[in-house]
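*Asks:* If you number the sequence shown the way the working numbering does, the last residue is 194 and the count never jumps. The C-beta atom is built at its ideal place from N, Cα and C for all residues, glycine as well. Handing you a structure now.
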Amino acid sequence: MNTVQVKDKQFALYISEEEILARVKELANRMNTDLAGKNPLFLVILNGSFVFAADLLRDITIPCEITFVRVASYEGVSSTGEVKQLLGLTQNIEGRTVIIVEDIIDTGFTMKELLRMLEEKHPAEIHISSLLVKPGNLQVDLDIPYRCFDIANEFIVGYGLDYDHEGRNLRHIYQVVE
Ligand code: 5GP
Ligand code: MG
């Protein structure tokens with residue numbers, strides 16, 4: 017299937033499931049080497065990362081823990097607009113090696129806020145992993161050592177990512193057709 021319709025938009029095949037799985041496996045292998053002996057805690061950011069996380073973590077062969085959190089916008093508190101809050105973190109992360117598992121980093125503002133909130137809990141170290149990065153849109157300084165694909169500033173859908181709540185179940189990654 018080279019094009020799909022999600023709601024009112026057409027999307028064209030951009031990265032096939034086969035390519036994705038190959039890159040995800042490479043990434044997992046690198047993590048297995050780098051993080052051996054650290055018993056990392058993988059912090060999966062819902063919703064978009066659920067497919068990436070399921071594939072990545074089944075290729076992780078070192079002892080590790082996995083937990084799921086959500087980043088929500090805090091409403092009606094700050095005049096600066098987007099203030100985020102972290103929901104669902106029940107583990108104590110003090111002294112732990114934490115690996116954030118994110119679907120896509122666009123401006124980087126969400127990740128920057130997440131890092132700030134996690135650092136208050138005094139982990140030993142935090143490393144960012146993201147399936148996709150849009151380097152052309154990044155507006156903050158972020159070190160993203162674990163990434164699968166750098167992509168153009170186009171809207172994409174599939175493999176966990178949605179367009180207006182739909183399309184997360186598509187096997188491949190698709191790019192919007194203007
Ligand atoms: P940032 O704070 O880095 O600008 O935003 C990251 C969030 O924006 C992602 O977690 C995702 O929810 C959303 N996002 C950014 N670009 C895309 C895209 O191309 N497709 C989809 N489906 N979501 C995106
Ligand atoms: Mg996300």
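Just the residues with CB closer than 7 Å to a heavy atom of the ligand MG, in chain order, which are they?
*Replies:* Going along the chain, the residues that qualify are I61, G64, S65, E118, D119, I120 and T126.
*Asks:* Is it true that the CB of P139 sits closer than 8 Å to the CB of E118?
*Replies:* No, they are not a contact pair.
*Asks:* Is there contact between the segment 164-181 and the segment 19-31, where contact requires at least three CB pairs shorter than 8 Å?
*Replies:* At 8 Å Cβ cutoff, the stretches touch.
*Asks:* If you reduce the DSSP assignment to three classes, tell me which class T106 lands in.
*Replies:* In the structure shown, T106 sits in coil (DSSP, three-state: anything other than H, G, I, E or B).
*Asks:* Which of the three DSSP states, helix, strand or coil, is assigned to K25?
*Replies:* In this structure, K25 counts as strand in the three-state DSSP scheme.
*Asks:* Quick check on V156: buried or exposed, where buried means 16 or more other Cβ atoms within 10 Å of its Cβ?
*Replies:* Looking at its Cβ environment, which holds fewer than 16 other Cβ atoms inside 10 Å, V156 is exposed.
*Asks:* Between P161, I116 and E141, which lies nearest to G64 when the distance is taken from Cα to Cα?
*Replies:* When each option's Cα is compared against that of G64, the closest is I116.
*Asks:* For a test of your reading of the model: does the CB of Y179 fall under 7 Å from any non-hydrogen atom of the ligand 5GP? Yes or no.
*Replies:* Result yes, Cβ under 7 Å from the ligand 5GP.
*Asks:* Residues in the same chain with beta-carbon distance under 6 Å from L57, minus the five sequence neighbours each way, listed in chain order, please.
*Replies:* Closer than 6 Å at the Cβ level, and outside the excluded window around L57, lie E81, R112 and V114.
*Asks:* Heavy atom of the ligand 5GP less than 7 Å from the Cβ of F27, yes or no?
*Replies:* The answer is no for F27.
*Asks:* Grab the span of the beta strand (DSSP E) containing E141 for me, first residue to last.
*Replies:* Looking at the DSSP string, the run of the beta strand (DSSP E) that includes E141 is E141 to V149.
*Asks:* For L148, which residues of its own chain have a beta-carbon under 6 Å away from its beta-carbon, when the five flanking residues on both sides are left out?
*Replies:* So the list reads I120, F165 and I167, once near-sequence residues are dropped.
*Asks:* How would you write the range of the alpha helix (DSSP H) that T49 sits in, first residue to last?
*Replies:* E33 to D50 is the extent of the alpha helix (DSSP H) around T49.
*Asks:* Pull up the distance between the alpha-carbon of D24 and that of T49, whole angstroms please.
*Replies:* Spanning the two alpha carbons is a distance of roughly 44 Å.
*Asks:* Spatial neighbours of A88 within its chain, please: CB distance less than 6 Å, with the 5 preceding and 5 following residues excluded, ordered by chain position.
*Replies:* Result list for A88: Q101 and L103, in chain order.
*Asks:* Let me know the secondary structure DSSP gives L73 once reduced to three states.
*Replies:* Here L73 sits in helix by DSSP.
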